[in-house]
Each structure stands twice: as structure tokens, then as C-alpha cells.
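Note that the protein sequences, when read in sequence, are chains U and D.
If you read the first sequence in numbering that gives the first Met the number 0, its first letter stands for residue 0, the second for the next number, and so on.
If you read the second sequence in numbering that gives the first Met the number 0, its first letter stands for residue 0, the second for the next number, and so on.
Here the structure comes first, spelled out in C-alpha cells, and everything after it is commentary.
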Amino acid sequence: MTKLSYTRALNQALAAEMERDPAVFVLGEDVRHALTHVTVGLFDRFGPERIVETPLSEQGVTNFATGAAMAGLRPVVEYQIPFLLMLVFEQIVNQANKFPLMSGGQARVPVTYLLPAAGWRSGWGGQHSDQPYSLFAHYGVKTVVPATPSDAFGLLVSAIRDDDPVVVFAPIGSLAIRQDVAPGSLVPVPLGTGRVHREGHDVTVVAIGHLVYDALAVADELADQVSIEVFDPRTLYPFDWDGLAASLARTGRLVVIDDSNRTCGMAAEILATATEEMNLVAPPRRITRPDGAILGCVPELDVALQPSRQLLTDTVLKVVKNG
Amino acid sequence: MTLTASPDGTVPDGTAPDGTAPRPEDFYRTMRLIRRFEERAMDLVRSGEIVSGIHPCIGQEAVAAGTGAALRRDDIMLANHRGHGQLLAKGSEPGRLLAEMAGRTTGVARGRGGSFHPSDFTVGVLGSTGSVGHGAPLAAGAAWALARAGSDRVAVSVFGDGAVNQGALLESFNLAALWQVPVVFICENNLYATTLPVGASVAGSVTGRAEAFGIPAETVDGMDPEPVYAAVARAVARARAGQGPTFVEFLTYRFEGHHTFEITTRPRYRDPEEIARWKARDPLALQAGRIPEGLRGQIDAEVEVIVEAAVRFALAGPKPDPADALEYLYASGLQTRPGVAAMPEERTAPR
Numbered sequence: 000m001t002k003l004s005y006t007r008a009l010n011q012a013l014a015a016e017m018e019r020d021p022a023v024f025v026l027g028e029d030v031r032h033a034l035t036h037v038t039v040g041l042f043d044r045f046g047p048e049r050i051v052e053t054p055l056s057e058q059g060v061t062n063f064a065t066g067a068a069m070a071g072l073r074p075v076v077e078y079q080i081p082f083l084l085m086l087v088f089e090q091i092v093n094q095a096n097k098f099p100l101m102s103g104g105q106a107r108v109p110v111t112y113l114l115p116a117a118g119w120r121s122g123w124g125g126q127h128s129d130q131p132y133s134l135f136a137h138y139g140v141k142t143v144v145p146a147t148p149s150d151a152f153g154l155l156v157s158a159i160r161d162d163d164p165v166v167v168f169a170p171i172g173s174l175a176i177r178q179d180v181a182p183g184s185l186v187p188v189p190l191g192t193g194r195v196h197r198e199g200h201d202v203t204v205v206a207i208g209h210l211v212y213d214a215l216a217v218a219d220e221l222a223d224q225v226s227i228e229v230f231d232p233r234t235l236y237p238f239d240w241d242g243l244a245a246s247l248a249r250t251g252r253l254v255v256i257d258d259s260n261r262t263c264g265m266a267a268e269i270l271a272t273a274t275e276e277m278n279l280v281a282p283p284r285r286i287t288r289p290d291g292a293i294l295g296c297v298p299e300l301d302v303a304l305q306p307s308r309q310l311l312t313d314t315v316l317k318v319v320k321n322g
Numbered sequence: 000m001t002l003t004a005s006p007d008g009t010v011p012d013g014t015a016p017d018g019t020a021p022r023p024e025d026f027y028r029t030m031r032l033i034r035r036f037e038e039r040a041m042d043l044v045r046s047g048e049i050v051s052g053i054h055p056c057i058g059q060e061a062v063a064a065g066t067g068a069a070l071r072r073d074d075i076m077l078a079n080h081r082g083h084g085q086l087l088a089k090g091s092e093p094g095r096l097l098a099e100m101a102g103r104t105t106g107v108a109r110g111r112g113g114s115f116h117p118s119d120f121t122v123g124v125l126g127s128t129g130s131v132g133h134g135a136p137l138a139a140g141a142a143w144a145l146a147r148a149g150s151d152r153v154a155v156s157v158f159g160d161g162a163v164n165q166g167a168l169l170e171s172f173n174l175a176a177l178w179q180v181p182v183v184f185i186c187e188n189n190l191y192a193t194t195l196p197v198g199a200s201v202a203g204s205v206t207g208r209a210e211a212f213g214i215p216a217e218t219v220d221g222m223d224p225e226p227v228y229a230a231v232a233r234a235v236a237r238a239r240a241g242q243g244p245t246f247v248e249f250l251t252y253r254f255e256g257h258h259t260f261e262i263t264t265r266p267r268y269r270d271p272e273e274i275a276r277w278k279a280r281d282p283l284a285l286q287a288g289r290i291p292e293g294l295r296g297q298i299d300a301e302v303e304v305i306v307e308a309a310v311r312f313a314l315a316g317p318k319p320d321p322a323d324a325l326e327y328l329y330a331s332g333l334q335t336r337p338g339v340a341a342m343p344e345e346r347t348a349p350r
């Protein structure tokens, strides 16, 4: 057993795929010096043609990756800050993700967009702490949010091998996680497959990204009162609806904890689908950032805007009581 | 390095040029084809067969013909919304292109790209993005990929004067020059971005944008296919020799509106005298004057046969089945959820 950190898992996945497939290469800012630690050691190992340092030109670089992908390569584009994905939203959503359809199936755009630090950065101000994964799911861009190091490895590998654009969000809250990993146990995780981290029979808590750990902690704390099943979708699009249905068939109750803003956030879709198509014995609830929330530079305010263990505890107890 | 194969397995054929400059009649044939193709396409717009309308390139045929002649079939092109001539000159089959515009499954992109976004991987045209100017970074990325694989293929991006104020395009100039990418940037300056005159939209100069990044740039008459060909051939030779990107601005003019909607909306942003002045420099008439009349008549007759066959082919093609509306959405074949969920009793399979 070795301890594997989340970022090291991303690094290992990238190295393994670059070793396996010469078409895989990285484009990004400060990747040579591995500012985010994801590309540590890779410049020396693969050289400047595979670890391509770019100027601050996110729109140009994102389209550049699309062009390279249509010519047969498999780019991985790294973005250091969540808002950069909004800067290139058009290039991903309106171009990369539409070319397969608009070309009548001629084009493949196998680009991976890697965000190695998504979510709240304490005190960094109003523009560095967004969590924009729901936007991509809304537009049908494949979107993954791995919670654990082994899932980070497995989902990044699958994202790189996928023939469509995939956005990979690594939540900041997961980056400190270290996991015992047996040699050889890291394997690809298919896109669109959820994971039950803890079985239970009273209520399903769907937790996205780092919030899985909060859900597990609450499940522990409430173990003598409520049996909580913790369901981690891992991929937000395509979502593992069958996995969720199976969990709800066991519990009949649903709470979703999601670091998105409330309106049109991922939790809203999960609640809507469960309500339309699955059998619930109690009204479901979601815990999200408030509508329109902007995390700023005062940590106490920012904490107040994010889903918390206390809110999850209170909500789970209410949902169980009501049903 | 090969291009991604299209679903029917076709890839660009890698045809090499014979090394000789095209003959005057070759340019004329291409230009005549584009002109008649566009005129017949406008007929199909009026008759409702092409529901999107089109952005006609009538008047700009010399740029397309000269560019197409300077490229190999396996070179890559990112066209733009006024791209029919560009595709025809690159080698697209007229019937399949027209079928695309009419939304038929027999089109170059199975009717899913339409007039605005045609792509034809069989001749290296990867696409025509609606984000004006964004084909430039797409072409740069494709060219970079080809060069990295040791190929001597190049990529061209064709855009209008309206594109030269787009950030993504300017970013691509920087990347292409920085990394000496074998890409040719071709600006069809037809003096108007929809209704906006170039003088009211471009500070500095068009070529100055490329020069600022150290990219060789020149301005060339775009109403004559021969200097167009010479300029693009020079740029392509530089790219193939590993000497990096080149920018060429062609001064040209569209004889029709920005889009066929102008047939009914009739906006008045161009002086009729200006239009008449440019029409007096009709590139098709210029080129016709360079070849014997007998040969010209023969080519005209051949083109009529080709264009009429294209119209018949296009209109005979089937329209896609609405049940297939989600086809091609994902290269991986991912099936998506429909817009309404089945009721429990209607469910036939797992979700």
C-alpha cells in the first residue's frame, strides 16, 4: 500500500496516458514548471512537444486544441482557475462539442479540459472560486468531478481516451485527500458510472466532488439515528441515472449536496429527474450555494455561502422525519 | 499522421500537385462553376429548398479559385460562412455540397452542417465555424499537429475582414508565429462585415495585425485568380518548408448581399455606384477574356451539365428522419435522454 494524493493521481494518469499514446499531449500555462503539480516531472520526461507551455491566450489555445484534435491528436488543456472555463465556454460548447454533429459524424474532438483546482480559494476574491460544472452538463459536454484520488486517476484516463470533449473538475476540497492504494489497483473508471461509497437504507445523499467526504462524515455522525447511503455520481454528464434509481429503490428519500449555485445547478436536475421518474416517499431536498452566490475575499462569508455538514445534517434529519 | 477518417472510411487522398501552375482555363472552370453553383443555390433559396438562405460568394470567386489551386487535396482548410466557393475549389463534389445546403443526408456532412457550417473531410475541409475568425486558431492547431507528425501538409484558414478584430484570431497569430506553425491565413477583405464598412471597424491596417506578430503579410488583388494563386502558392511553399505562417489579404467584393435575406430586407449600406464599379471588375469576365472563346463556350457548357446534375442530385437526396435528430451528437455514440421522460407504464428498458 502506498499513500496516493489526489494531485499525484492526476499526474500519474497523465503520465500513463502519454506513455501509452503518443497522440496525447498537454497545453497549458505554467505547465513546464508544474505550478498546479499536475505535470510534475512530465516536461523532463516528454519534452516541449508534449508538455506545451502556452501564453495567456485561453481562447486561442482552446481552439488550437480543437484543431489539433480534429487532425488526430488528443490534447489535454489545463486551466488554472475556474473562470477561465467561462472565457473559453464558447470554444468548448459552441465549437468543440458541436463539430461532431455539424460534420455529420466526420469530426472527432477528443480534447480533455482539466481544471486541477475547482471551487473555493480562501480569500482570493470574487473571481477565483467558482464551480461551473453545471454549465457544461447543461450543454451536454461530458463532465466529471472525481472525489477521490483513485477516481481522479480512473476518470482522467477515461476522459483522455474518450472520443468527445470532456471537462474534468478536480475540486479543491479533494486535493488534500490521500488514499491508500494497492500497487496495480488504479484502473480506468468508465464515464457515466456512479459509486456508492457507503450503503444505507433510510436516505440517499447524492454528494458531488469533495462534498462526498462531508456526506460520509455526516453519515458517521448520524449512524445511530439514520442509515445514510452516500452516492457519488462521479460523472455529472452523462449521469448514472440507473445507479441513482437503484439507490433510491433502497432508500426512497433523497438529499443532494452540490457546490453549484442554486438555479439550474446540477442538484436541480437530480431532484427533477428523481421526482419525475423515481419513487420517493418524502419530498427531496438540495443543499447548494445560494442563488447567484459570489464567493469573495472574506473567509467567514465564503464559508457561509457553501454547503456545510451542519446544513446536510439538519436537512437529512428533516427529510427522514417528513417521510 | 492521417486525418480522422470519416464514417465511410474515406480520408484525404494525398494527391500531390504536378508542380505546374494552373492554366487560365483551369481558373476559369473553377470560377464559372462557383458562379453558376451560387446562382442556382440562390434559386433554391427562393424556391424554399435551401431554408437557411445562403451567404453568396459571387464576386469573390477569384480568391477561392486561386487558393484552391495552390493547395493539395490533403491540405487542411477551415472555411467560413461564405464558404461554398472555398469548398468547391478545394475539390468538394458540387452535388454533395448542394445536398448539404438543402439539408439532405447525401450532403458532404450528411445534411447536419448546412450552408453555414459545411465540412468535407474527403477534401480536407474540417469545418466552417460560425464564430467569426475562430477558424484561424483551429487551423493553427491542425497545422501544428500535422507538422509535429512530420507531414508537409499545411492548413489554411479563410476569413473575412470582419474577423480581423476577433481576439481568438489575433491570439492564433501569436501562437502560429511563436511556434512557426505551417498555416496560411487568408483574409477575403470584401470591405464589409455584414453592413459595417471596413474603414469603420479596423483601426490600423488589416495586414498590420499580422506584421505585429512578425508574420509576413501582403495585400493582393482578389479580383484576379492569377495573383491570388501566386500569393497563396508562395505562402504554402513557405509553410511546407517549415518557415512558419503567412498572412495574405485579398481585396475583393461580394456582388450580392451578406446573406440572401437582403433580397427581402434590402438594407442600403452600399452605394450602388460602388457596387457597379466593382462589378465592372468581374473576375469571371476578366478570366474569360484570357481564354479562347471556343474553349470558354465548351467550359460553360460543361459547367452547366455539372451544376444541373448537382441540383438534381441534391434534390433527390433524402431528408434526415426526425427520429435520427440526435445522431452524430457524440463521436463516442453516447445516447442522450429525450426531452420528456417516459411514464412508468411506458418504460420498456432501463433508463
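Beta carbons: idealized from backbone N, C-alpha and C, even for Gly.
With 8 Å as the limit, tell me which residues of the stretch 88–101 of chain U have their beta carbon closer than that to any beta carbon of chain D; keep them in chain order.
Glu89, Gln90, Asn93, Gln94, Phe98, Pro99, Leu100 and Met101
Tell me which residues share the same chain as Gly352 (chain D) and place their Cβ nearer than 6 Å to its Cβ, disregarding the 5 neighbours each side in the sequence.
With chain D covering only 0 through 350, there is no way to say anything about residue 352 (chain D).
Rounded to whole angstroms, what's the CA-CA distance from Val108 (chain U) to Tyr329 (chain D)? Just pull it up for me.
By one-based count along the first sequence, residue 108 (chain U) stands at place 109. By one-based count along the second sequence, residue 329 (chain D) stands at place 330. So the two alpha carbons sit approximately 9 Å from each other.
Indicate whether at least one CB of chain D lies closer than 9 Å to the CB of Ser56 (chain U).
Here residue 56 (chain U) refers to the residue found at position 57 when the first sequence is read from its first residue. Closer than 9 Å: yes.
If contacts are defined as beta-carbon pairs under 8 Å, then Arg86 (chain D) and Asp119 (chain D) qualify, I think. What distance do you get, rounded to the angstrom?
The sequence position of residue 86 (chain D) within the second sequence is 87, counting from 1. The sequence position of residue 119 (chain D) within the second sequence is 120, counting from 1. Looking at the sequence shown, residue 86 (chain D) is not Arg but Leu. Going by Cβ atoms, the distance from Leu86 (chain D) to Asp119 (chain D) rounds to 6 Å, so yes, they are a contact pair.
Please tell me whether Arg336 (chain D) has its Cβ less than 9 Å away from any Cβ of chain U.
Counted from its first residue, the second sequence places residue 336 (chain D) at position 337. Taking Cβ atoms only, chain U reaches closer than 9 Å to Arg336 (chain D), which makes this a yes.
Should Thr142 (chain U) and Val166 (chain U) be called a contact, given that it needs their Cβ atoms to be closer than 9 Å?
Taking the first sequence and counting its residues from 1, the one referred to as residue 142 (chain U) is at position 143. Taking the first sequence and counting its residues from 1, the one referred to as residue 166 (chain U) is at position 167. Yes, the Cβ-Cβ distance between Thr142 (chain U) and Val166 (chain U) is below 9 Å.
So, is Tyr27 (chain D) buried or exposed, given that buried needs 16 or more other C-beta atoms within 10 angstroms?
Counting from one through the second sequence, the residue named residue 27 (chain D) turns up at place 28. Counting Cβ neighbours within 10 Å, Tyr27 (chain D) comes out buried, since at least 16 surround it.
Going by beta carbon distance, what residues of the same chain come within less than 6 Å of Arg295 (chain D), once the five residues before and after it are set aside?
Reading the second sequence from its first residue, position 296 is the one you call residue 295 (chain D). So the list reads Ala287, once near-sequence residues are dropped.
Excluding sequence positions up to five away, which residues of its chain have a Cβ less than 6 Å from the Cβ of Asn10 (chain U)?
Numbered from its first residue, the first sequence carries residue 10 (chain U) at position 11. If we look at Asn10 (chain U) and ignore the five residues flanking it on each side, its Cβ neighbours are Val37 and Val39.
Are there 16 or more other CB atoms within 10 angstroms of the CB of Arg32 (chain U), so buried, or fewer, so exposed?
The count along the first sequence starts at 1 and reaches residue 32 (chain U) at position 33. Note that residue 32 (chain U) corresponds to His in the displayed sequence, not to Arg. By the 10 Å Cβ count, His32 (chain U) comes out exposed.
Please report whether the beta-carbon of Thr3 (chain D) lies at a distance below 9 Å from any beta-carbon of chain U.
Locating residue 3 (chain D) in the second sequence gives position 4, counting from the first residue. At Thr3 (chain D) the pLDDT is 38, less than 50, meaning the model places this residue with poor confidence; the figure from the coordinates comes in the next sentence. The beta-carbon of Thr3 (chain D) is placed less than 9 Å from the nearest beta-carbon of chain U.
Suppose only complete runs of 4+ residues qualify. What are the alpha helix (DSSP H) ranges in the stretch 65–121 of chain D, listed by chain order?
83–89 and 93–100
Name the residue from D:Ala148, D:Glu24 and D:Val155 whose alpha carbon lies nearest to the alpha carbon of Lys352 (chain D).
Nothing in the structure corresponds to residue 352 (chain D), since chain D is present only between 0 and 350.
Mind checking if Ala64 (chain U) is an interface residue toward chain D, Cβ cutoff 9 Å exclusive?
Here residue 64 (chain U) refers to the residue found at position 65 of the first sequence. So, interface residue.
Using a Cβ cut-off of 9 Å (strictly closer), state whether Ile75 (chain D) contacts chain U.
Mapped onto the second sequence, residue 75 (chain D) falls at position 76. Output row for Ile75 (chain D): interface = yes.
So which of D:Thr335, D:Phe312, D:Arg311 and D:His258 has the shortest CA-CA distance to Ala354 (chain D)?
This structure gives no information on residue 354 (chain D), because the portion of chain D shown stretches from 0 to 350.
Does the beta-carbon of His80 (chain D) have 16 or more other beta-carbons within 10 angstroms, so that it is buried, or is it exposed?
In the second sequence, residue 80 (chain D) corresponds to position 81, counting from 1. So His80 (chain D) ends up on the buried side.
Would you grab the beta carbon distance between Thr1 (chain U) and Val229 (chain U) for me? Rounded to a whole angstrom, and I think it's under 8 Å.
Within the first sequence, the letter at position 2 stands for residue 1 (chain U). Within the first sequence, the letter at position 230 stands for residue 229 (chain U). Incorrect: roughly 25 Å between the Cβ atoms, too far for contact.
Exposed or buried, which one is Arg253 (chain D) when buried takes at least 16 other CB atoms within 10 Å?
In the second sequence, counting from the first residue as 1, residue 253 (chain D) sits at position 254. Buried.
Hey, does Thr128 (chain D) have any beta-carbon neighbour from chain C nearer than 9 Å?
In the structure shown, chain C does not exist; the protein chains are U and D.
Just how far apart, CA to CA, sit Ala315 (chain D) and Glu37 (chain D)?
Counted from its first residue, the second sequence places residue 315 (chain D) at position 316. Counted from its first residue, the second sequence places residue 37 (chain D) at position 38. Distance between the alpha carbons of Ala315 (chain D) and Glu37 (chain D): 19 Å.
Provide the residue span of the alpha helix (DSSP H) that contains Val156 (chain U), from first to last.
Indexing the first sequence from 1 puts residue 156 (chain U) at position 157. It spans Pro148 to Arg160 - the alpha helix (DSSP H) in which Val156 (chain U) sits, taken as one unbroken run.
What residue range is occupied by the uninterrupted alpha helix (DSSP H) comprising Asn62 (chain U)?
Working through the first sequence from its first residue, we reach residue 62 (chain U) at position 63. Run containing Asn62 (chain U): Glu57 to Met69, per the alpha helix (DSSP H) assignment.
Should Val339 (chain D) go down as buried or exposed, given a rule of 16 or more other Cβ atoms within 10 Å for buried?
Here residue 339 (chain D) refers to the residue found at position 340 when the second sequence is read from its first residue. Val339 (chain D) should be labelled exposed.
Taking only the alpha-carbon atoms, compute the straight-line gap between Ala15 (chain D) and Thr245 (chain D) and give it to the nearest angstrom.
As a first step, residue 15 (chain D) is located in the second sequence; it is residue number 16 there, counting from the start. As a first step, residue 245 (chain D) is located in the second sequence; it is residue number 246 there, counting from the start. A caution first: Ala15 (chain D) carries a pLDDT of 37, below 50, which makes its placement in the model unreliable, though a value can still be read off. Rounded to the nearest angstrom, the two C-alpha atoms are 21 Å apart.
Tell me the DSSP secondary structure of Lys2 (chain U) in three-state form.
As a position in the first sequence, residue 2 (chain U) is number 3, starting the count at 1. Note: Lys2 (chain U) maps to strand in three-state DSSP.
Please report whether the beta-carbon of Phe120 (chain D) lies at a distance below 9 Å from any beta-carbon of chain U.
Translated into positions along the second sequence, residue 120 (chain D) becomes position 121. By this cut-off, Phe120 (chain D) is an interface position.
Using only CA atoms, which one of D:Ile75, D:Gly113, D:Leu285 and D:Thr128 lies nearest to Ala95 (chain U)?
Here residue 95 (chain U) is taken as the residue at index 96 of the first sequence, counted from 1. It is D:Thr128.
Looking at chain U, is there any beta carbon in it that lies within less than 9 Å of the beta carbon of Met0 (chain D)?
For the purposes of this step, residue 0 (chain D) is identified with residue 1 of the second sequence, where counting begins at 1. Confidence is the limiting factor: at Met0 (chain D) the pLDDT is only 31, short of 50, which leaves the residue's position unreliable, though a coordinate-based value still follows. Closer than 9 Å: yes.
From the DSSP output, read off the bridge partner residues of Arg73 (chain U).
Here the question's residue 73 (chain U) lines up with position 74 in the first sequence. Arg73 (chain U) is bridged to U:Val23.
Indicate whether at least one CB of chain D lies closer than 9 Å to the CB of Met69 (chain U).
Translated into positions along the first sequence, residue 69 (chain U) becomes position 70. Taking Cβ atoms only, chain D reaches closer than 9 Å to Met69 (chain U), which makes this a yes.
List, in order along the chain, the chain D residues whose C-beta lies closer than 8 Å to that of Ala106 (chain U)?
Walking along the first sequence from the start, residue 106 (chain U) turns up at place 107. Per Cβ cutoff of 8 Å: Thr3, Ser118, Phe120, Leu125, Gly126 and Ala330.
Does DSSP put Asn278 (chain U) in a helix, in a strand, or in coil?
Within the first sequence, residue 278 (chain U) is the residue found at index 279, counting from 1. Here Asn278 (chain U) sits in coil by DSSP.
Between the Cα of Arg147 (chain D) and those of U:Met265, U:Arg308 and U:Gly46, spot the shortest distance and give me the residue it belongs to.
Within the second sequence, residue 147 (chain D) is the residue found at index 148, counting from 1. Selected option, being the one with the closest Cα: U:Gly46.
Report back the beta-carbon spacing between Val254 (chain U) and Val202 (chain U) to the nearest angstrom; my notes put them in contact at under 8 Å.
Stepping through the first sequence from its first residue, residue 254 (chain U) is reached at position 255. Stepping through the first sequence from its first residue, residue 202 (chain U) is reached at position 203. Right, their Cβ atoms sit about 6 Å apart.
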